[in-house]
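Worksheet: the structure to be examined is printed underneath.
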Amino acid sequence: MFEVTGESVLTLYGANVTGTPLSTLLVVSETPVGETALEALEKSAASLDFGSAPVAFLVAESPDGKLGAEDVRTIVEGLDPVALVATDAFAAELLSAAYRAPLTLDAPNRLLGRTALIFEDFEALMETPETKQKAWALLKQLR
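When you read off a place in the sequence shown, starting at 1, and then add 959, the result is the number in the working numbering.
See the structure below:
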């Protein structure tokens, strides 16, 4: 956990991680999130005062294959974000395996002192005004 830094994470996992070592919110997903979900996450991070470079994205699937639980733990601990968001069930399972902890879907959780908001399908929540409000209500719990 203490062997990697944010800079080395971005170097080692550049195919899977975008953002800066100063990003305070890490979004984990199986595949890249769509434009609507991306915009919602970025606006939410700004609205919740996560800083000047608030969001980093970790996409588990790349042309080289899928990351494993140990890779994800290395990335999270190297970047050391204040909070995490898992956008899909696959990302939830990956974080659960990485931290050997059960996680509750569509609810806030705690992982090594971090708030981790775990969605079953964040992108599906972007489809209607009602489900967008549900997502926003959950995202506000990241504070």
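Virtual Cβ for every residue (Gly too), placed ideally from N, Cα, C.
Counted within 10 angstroms of its Cβ, other Cβ atoms place residue i as buried (16 or more) or exposed
i, result
"residue 1032", "buried"
"residue 989", "buried"
"residue 1088", "exposed"
"residue 1047", "buried"
"residue 970", "exposed"
"residue 960", "Low confidence applies here, because residue 960 scores a pLDDT of 49, under 50, leaving its location unreliable; read the following figure in that light. The residue is exposed, with fewer than 16 neighbouring Cβ atoms inside 10 Å."
"residue 1040", "buried"
"residue 973", "exposed"
Residue i (DSSP reduced to helix, strand or coil)
i, result
"residue 960", "Unreliable positioning characterises residue 960 in this predicted model, as indicated by a pLDDT of 49, which lies under 50. The coordinate reading is nonetheless provided below. Residue 960 falls in the coil class under three-state DSSP."
"residue 1020", "strand"
"residue 1064", "coil"
"residue 1074", "strand"
"residue 1087", "coil"
"residue 1026", "coil"
Distance between beta carbons of residue j and residue i, contact taken as under 8 Å
i, j, result
"residue 986", "residue 963", "Their Cβ separation, rounded to whole angstroms, is 19 Å, which puts residue 986 and residue 963 out of contact at 8 Å."
Cβ pair residue i, residue j closer than 7 Å
i, j, result
"residue 1100", "residue 1061", "no"
"residue 980", "residue 965", "yes"
"residue 968", "residue 1037", "yes"
"residue 1018", "residue 975", "yes"
Residue nearest to residue i in terms of C-alpha spacing, selected from the options
i, options, result
"residue 1058", "1076, 1018, 1035", "1035"
"residue 1042", "968, 1098, 976, 967", "1098"
"residue 1016", "1095, 998, 1083", "998"
"residue 1008", "1091, 1020, 983", "983"
"residue 1095", "977, 1071, 1005", "1005"
"residue 1082", "1092, 1052, 1012, 1054", "1092"
"residue 1070", "1054, 1021, 1050, 1079", "1054"
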